[in-house]
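K.L.:
2 protein chains.
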Amino acid sequence: MLDVRRMRVLREVALQGSFSAAAETLSFTQSAVSQQIAALERETGTVLVQRNARGVRLTEAGEAVVRHAEAILARLAEAEAELEAIAGLRGGRLRMATFESAGSSLMPPAIACFRERHPQVELSLSLSDPEDSIPQLKSGEIDFALTFAASPKQDIEGVELTYLLADPMYLVLPADHPLARKRHPRLADLAEEAWIWGSPSCDCYRLISRACMGAGYDPRIAFESDDYAAVQGFVAAGVGVSLIPELGLTSVRDDIVIRSLGRETPIRHIFSAALAGGYRSAAVAAMVEILSEVAERHCEQRPALALAA
Amino acid sequence: MLDVRRMRVLREVALQGSFSAAAETLSFTQSAVSQQIAALERETGTVLVQRNARGVRLTEAGEAVVRHAEAILARLAEAEAELEAIAGLRGGRLRMATFESAGSSLMPPAIACFRERHPQVELSLSLSDPEDSIPQLKSGEIDFALTFAASPKQDIEGVELTYLLADPMYLVLPADHPLARKRHPRLADLAEEAWIWGSPSCDCYRLISRACMGAGYDPRIAFESDDYAAVQGFVAAGVGVSLIPELGLTSVRDDIVIRSLGRETPIRHIFSAALAGGYRSAAVAAMVEILSEVAERHCEQRPALALAA
DNA sequence: CAACCGCGATAAGTTCTACTCATGCTTGAC
DNA sequence: GTCAAGCATGAGTAGAACTTATCGCGGTTG
Chain A
1 MLDVRRMRVL REVALQGSFS AAAETLSFTQ SAVSQQIAAL ERETGTVLVQ RNARGVRLTE
61 AGEAVVRHAE AILARLAEAE AELEAIAGLR GGRLRMATFE SAGSSLMPPA IACFRERHPQ
121 VELSLSLSDP EDSIPQLKSG EIDFALTFAA SPKQDIEGVE LTYLLADPMY LVLPADHPLA
181 RKRHPRLADL AEEAWIWGSP SCDCYRLISR ACMGAGYDPR IAFESDDYAA VQGFVAAGVG
241 VSLIPELGLT SVRDDIVIRS LGRETPIRHI FSAALAGGYR SAAVAAMVEI LSEVAERHCE
301 QRPALALAA
Chain B
1001 MLDVRRMRVL REVALQGSFS AAAETLSFTQ SAVSQQIAAL ERETGTVLVQ RNARGVRLTE
1061 AGEAVVRHAE AILARLAEAE AELEAIAGLR GGRLRMATFE SAGSSLMPPA IACFRERHPQ
1121 VELSLSLSDP EDSIPQLKSG EIDFALTFAA SPKQDIEGVE LTYLLADPMY LVLPADHPLA
1181 RKRHPRLADL AEEAWIWGSP SCDCYRLISR ACMGAGYDPR IAFESDDYAA VQGFVAAGVG
1241 VSLIPELGLT SVRDDIVIRS LGRETPIRHI FSAALAGGYR SAAVAAMVEI LSEVAERHCE
1301 QRPALALAA
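Residue numbers (our numbering), protein chains in the order written: chain A, 1 to 309; chain B, 1001 to 1309.
1) With a threshold of 16 other CB atoms inside 10 Å of the CB of residue 1014 (chain B), please say whether the residue is buried or exposed.
2) With a threshold of 7 Å on Cβ separation, who are the neighbours of residue 1118 (chain B) within its own chain once the five nearest residues in sequence on each side are excluded?
3) Does the CB of residue 1047 (chain B) have a neighbour CB from chain A at under 9 Å?
4) Against chain B, with Cβ distances strictly below 9 Å, would residue 277 (chain A) count as a contact?
5) May I ask which residues mark the beginning and end of the alpha helix (DSSP H) holding residue 1132 (chain B)?
6) In terms of DSSP beta bridges, what is residue 1050 (chain B) paired with?
7) Between the segment 194-205 of chain A and the segment 133-141 of chain A, are three or more C-beta pairs nearer than 8 Å?
8) Pick from B:1029, B:1124, B:1051 and B:1082: whose alpha carbon is nearest that of residue 45 (chain A)?
9) Quick check: the Cα distance between residue 1321 (chain B) and residue 86 (chain A), rounded to an integer number of angstroms?
10) Got a sec, what are the start and stop residues for the alpha helix (DSSP H) residue 170 (chain A) sits in?
11) Quick check: is the beta carbon of residue 1281 (chain B) nearer than 9 Å to any beta carbon in chain A?
12) Please compile the residues from chain A whose C-beta is within a distance smaller than 9 Å of the C-beta of residue 1001 (chain B).
13) Run down chain B in chain order and give the residues with a C-beta less than 7 Å from the C-beta of residue 140 (chain A).
14) Taking just the CA atoms, how far does residue 1260 (chain B) sit from residue 1308 (chain B)?
15) Quick one: give me the first and last residue of the alpha helix (DSSP H) that residue 1008 (chain B) is part of.
16) Does the Cβ-Cβ distance between residue 1146 (chain B) and residue 1099 (chain B) come in under 9 Å?
17) Pick out whichever of A:74, A:48, A:8 and A:219 has its Cα sitting closest to the Cα of residue 63 (chain A).
18) Of all the residues that make up the segment 1084-1100 of chain B, which are near chain A by a beta-carbon distance shorter than 8 Å?
19) Kindly list, in the order they appear in chain B, the residues whose Cβ is closer than 8 Å to that of residue 44 (chain A).
20) Just verifying my parser: in three-state terms, what is the DSSP assignment at residue 1221 (chain B)?
21) Distance, Cα to Cα, residue 311 (chain A) vs residue 212 (chain A)?
22) At a Cβ cut of 8 Å, what residues of the segment 120-144 of chain A count as close to chain B, listed as they run along the chain?
23) The alpha helix (DSSP H) with residue 126 (chain A) in it runs from where to where?
24) If you draw a straight line from the alpha carbon of residue 1075 (chain B) to that of residue 1026 (chain B), how long is it in whole angstroms?
25) Quick check: what's the CA-CA separation for residue 163 (chain A) versus residue 110 (chain A)?
26) For residue 1065 (chain B), would you say it is in contact with chain A, using Cβ-to-Cβ distances shorter than 9 Å as the test?
27) Mind checking residue 296 (chain A): buried by the 16 CB within 10 Å criterion, or exposed?
28) Mapping DSSP to helix, strand and coil, what is residue 1179 (chain B)?
29) Less than 8 Å between the CB atoms is what I'm expecting for residue 1217 (chain B) and residue 50 (chain A), so what's the real figure, rounded?
30) Establish whether the CB of residue 1060 (chain B) and some CB of chain A are separated by less than 9 Å.
31) What whole-angstrom Cβ distance do residue 1159 (chain B) and residue 1276 (chain B) have, given they're in contact under 8 Å?
32) Determine the direct distance from the alpha carbon of residue 298 (chain A) to that of residue 255 (chain A), and round the result to whole angstroms.
33) Can you pull the chain B residues whose beta carbon is under 7 Å from the beta carbon of residue 177 (chain A), in chain order?
34) Rounded to whole angstroms, what is the Cα-Cα separation between residue 291 (chain A) and residue 156 (chain A)?
35) If you draw a straight line from the alpha carbon of residue 16 (chain A) to that of residue 22 (chain A), how long is it in whole angstroms?
36) Please state whether the Cβ-Cβ distance between residue 1288 (chain B) and residue 1173 (chain B) is less than 9 Å.
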């Protein structure tokens, strides 16, 4: 393989017209240049330079090598520039995944902020629940994920979690439900209700289940859906009641009512997730930082219904 | 500047998925790979590789480097291929110059032969007399020239000449000229004639002049032209007589006659000219060889008028 | 003409780099 | 716990890439 260092020397020789001058601009001695060119000619088995009394001139082969050298050196410079851009958040990409309710609550302001601070980083976001996004993170398909779990102290092998906020769940009832008139309903009041739940693979499922068990009954499941807008719809239609996390209540139908369960409130916990291992790309670090800010702001400006809890 | 050797190692690591495997295919030890990658990371100030228990995965920066590495290595391969092509006459170019009469006599068969043997070499040919073509050769504008001179032993500083053939000059007379009836006219018979000559800068000028001086007179110049077809026209029109070299007589008007001057015949000598200095490109060497063949064939098949000399 | 530049080549010596070898540490599998 | 597979690291070595010093060549200049 041709040696790029040597090609660079040849290019300088071509540019300067003599070994000595090239040595000068390269901060080499003339001897080094002579040896490098000689080595390059030996390796290629070609005469690259015509030595004259007053300096040198390239042969056709030499010119060909210089042409390629120019292209290669340019490409090397590009590579360096790209690395700097990635490190300085003036380039590169950030591939993220979020679960749905954060996708319509926390992520929009976070992405807006990121875009404003680092407009040249290419962002992509997909929707997937933790049971999908964590494997994607581990396999390198994505760089960052928003996840949630039942416990605030979570530990996932190979993944570094950053705690963002607690997301309380609220009871959702049809507007004409008897309990809707009650300020502070209890879970025990709902033993006979039909329930609308998320899919069994979701941690929310466990959370609700555990809450009802704590209240002394095994809830009856009328319907399963992961889409909180749909769940609101089913509740409004009288199919059943449900527990929906605060982040899933960015918009609330007016034919349903939201009630806090007080200290019975099940709480899920939201985390930033990135690959563990000491290294964290600048883009991931920036996004984790921004999401922490957004989460903090979110907690400060919690809607009234949260305060009611 | 990024080190291409190291980039190549990184590329192999990316390809193989582990340092060990990359070392295997590169015939290195695992240690060498580890050190090279570490050095690359140190130089770029970036983490390029995520080390896991089971092998490694590239970071975004690492992938960027590999992308550039691919391009650069491809370009290096191209460069090598081009050098081989030039050396093996499967590419490259040959820029030539010839004086006019050889351009319509020796060069066409030579170029045809070259194109047949080495169709991938790009050929270009310009018309210029030795006083132009030799400087062009020295300055590198052309790689090869056909030249002529008054003496068969010629020496031009910095130029390597290869003798091709002797080009005798013939007396050209109007068909109705009194001397046209004579089988073997003498120069002395032409003392009173008007002459049509090439330009004074041309060696032919000296050649004719010297010949006439040898016959004891200073010839009278009626007209100057370097174009032998034009000269033939002027002779036919009765403007004067001329001496035209054999190579300028590839086509002869039928209203003029050609006569040999026997042992008084002035002779110019034709050479291949290439830059001196030990190195000669494959294309130049091939063309010199071919022109020697063409010249030899030309001498063997000399037209009858030459034999009459 | 002699002396002298300016240029490239070359020999010898030094420094640095890129390897290998040997070994240690971490992690995941059984 | 043990093992295997993987990367890291320290020490040592061979070779590459420089520098220094010197030579030879060709052109220029006093």
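Ideal placement from N, C-alpha and C gives every residue a C-beta, glycine not left out.
P.N.:
Here's the rundown:
1) As a first step, residue 1014 (chain B) is located in the second sequence; it is residue number 14 there, counting from the start. By the neighbour-count rule (16 or more Cβ atoms within 10 Å), residue 1014 (chain B) is buried.
2) The count along the second sequence starts at 1 and reaches residue 1118 (chain B) at position 118. Closer than 7 Å at Cβ, skipping near neighbours: 1089 and 1286.
3) Taking the second sequence and counting its residues from 1, the one referred to as residue 1047 (chain B) is at position 47. Closer than 9 Å: yes.
4) The residue labelled residue 277 (chain A) in the question sits at position 277 within the first sequence. By this cut-off, residue 277 (chain A) is an interface position.
5) Looking up residue 1132 (chain B) in the second sequence gives position 132. Per DSSP, residue 1132 (chain B) belongs to the alpha helix (DSSP H) from 1130-1139.
6) For the purposes of this step, residue 1050 (chain B) is taken as the residue at position 50 of the second sequence. Its beta-bridge partners are B:1057.
7) The segment 194-205 of chain A vs the segment 133-141 of chain A: no contact.
8) Here residue 45 (chain A) refers to the residue found at position 45 when the first sequence is read from its first residue. Among B:1029, B:1124, B:1051 and B:1082, the Cα nearest to that of residue 45 (chain A) is on B:1082.
9) In the structure as shown, chain B begins at 1001 and stops at 1309. Residue 1321 (chain B) is therefore absent and cannot be evaluated.
10) Locating residue 170 (chain A) in the first sequence gives position 170, counting from the first residue. Not the alpha helix (DSSP H): residue 170 (chain A) falls in the beta strand (DSSP E), residues 159-174.
11) Here residue 1281 (chain B) refers to the residue found at position 281 of the second sequence. Closer than 9 Å: yes.
12) One-based indexing of the second sequence puts residue 1001 (chain B) at position 1. Those within 9 Å of residue 1001 (chain B) in chain A are 4, 5, 8, 73, 76, 77 and 80.
13) Looking up residue 140 (chain A) in the first sequence gives position 140. Within chain B, the residues near residue 140 (chain A) are 1057.
14) Working through the second sequence from its first residue, we reach residue 1308 (chain B) at position 308. Working through the second sequence from its first residue, we reach residue 1260 (chain B) at position 260. Any reading at residue 1308 (chain B) must be qualified, since the residue scores a pLDDT of 44, below 50, and its modelled position is unreliable; the value itself is stated next. About 7 Å.
15) Residue numbering aside, residue 1008 (chain B) sits at position 8 when the second sequence is read from its first letter. From DSSP, the alpha helix (DSSP H) with residue 1008 (chain B) extends over 1004-1016.
16) For the purposes of this step, residue 1146 (chain B) is taken as the residue at position 146 of the second sequence. For the purposes of this step, residue 1099 (chain B) is taken as the residue at position 99 of the second sequence. Contact: yes.
17) In the first sequence, residue 63 (chain A) corresponds to position 63, counting from 1. That would be A:48, whose Cα lies nearest to the Cα of residue 63 (chain A).
18) 1086, 1087, 1092 and 1093
19) If you number the first sequence from 1, residue 44 (chain A) lands on position 44. Under the 8 Å cutoff, chain B gives 1080 and 1083.
20) Sequence index remark: in the second sequence, residue 1221 (chain B) carries index 221 (1-based). Looking at residue 1221 (chain B) - three-state DSSP - the assignment turns out to be strand.
21) Absent from the model: residue 311 (chain A). The displayed extent of chain A is 1 to 309, so no value can be given.
22) 140 and 143
23) In the first sequence, residue 126 (chain A) corresponds to position 126, counting from 1. Careful: residue 126 (chain A) lies outside any alpha helix (DSSP H), inside the beta strand (DSSP E) at 122-127.
24) Numbered from 1 along the second sequence, position 75 holds the residue referred to as residue 1075 (chain B). Numbered from 1 along the second sequence, position 26 holds the residue referred to as residue 1026 (chain B). When rounded, the distance between both Cα atoms is 20 Å.
25) Here residue 163 (chain A) corresponds to residue number 163 of the first sequence, with the count starting at 1. Here residue 110 (chain A) corresponds to residue number 110 of the first sequence, with the count starting at 1. Answer to the nearest angstrom: the Cα atoms are 15 Å apart.
26) Locating residue 1065 (chain B) in the second sequence gives position 65, counting from the first residue. Judged by the 9 Å Cβ criterion, residue 1065 (chain B) is in contact with chain A.
27) For the purposes of this step, residue 296 (chain A) is taken as the residue at position 296 of the first sequence. Classification for residue 296 (chain A): exposed.
28) What you label residue 1179 (chain B) is simply residue 179 of the second sequence in a count that begins at 1. Residue 1179 (chain B) falls in the helix class under three-state DSSP.
29) Taking the first residue of the second sequence as position 1, residue 1217 (chain B) is located at position 217. Taking the first residue of the first sequence as position 1, residue 50 (chain A) is located at position 50. Not confirmed; about 48 Å, so no contact.
30) Working through the second sequence from its first residue, we reach residue 1060 (chain B) at position 60. Interface residue, yes.
31) As a first step, residue 1159 (chain B) must be located in the second sequence, where it is residue number 159. As a first step, residue 1276 (chain B) must be located in the second sequence, where it is residue number 276. With a Cβ gap of about 6 Å, residue 1159 (chain B) and residue 1276 (chain B) count as contacting.
32) For the purposes of this step, residue 255 (chain A) is taken as the residue at position 255 of the first sequence. For the purposes of this step, residue 298 (chain A) is taken as the residue at position 298 of the first sequence. Near 26 Å, if we compare the C-alpha coordinates of residue 298 (chain A) and residue 255 (chain A).
33) If you number the first sequence from 1, residue 177 (chain A) lands on position 177. Per Cβ cutoff of 7 Å: no residues; residue 177 (chain A) is ~51 Å from chain B at best.
34) By one-based count along the first sequence, residue 291 (chain A) stands at place 291. By one-based count along the first sequence, residue 156 (chain A) stands at place 156. So the alpha carbons of these two residues sit roughly 20 Å apart.
35) Walking along the first sequence from the start, residue 16 (chain A) turns up at place 16. Walking along the first sequence from the start, residue 22 (chain A) turns up at place 22. Approximately 6 Å, taken between the alpha carbons.
36) Indexing the second sequence from 1 puts residue 1288 (chain B) at position 288. Indexing the second sequence from 1 puts residue 1173 (chain B) at position 173. No.
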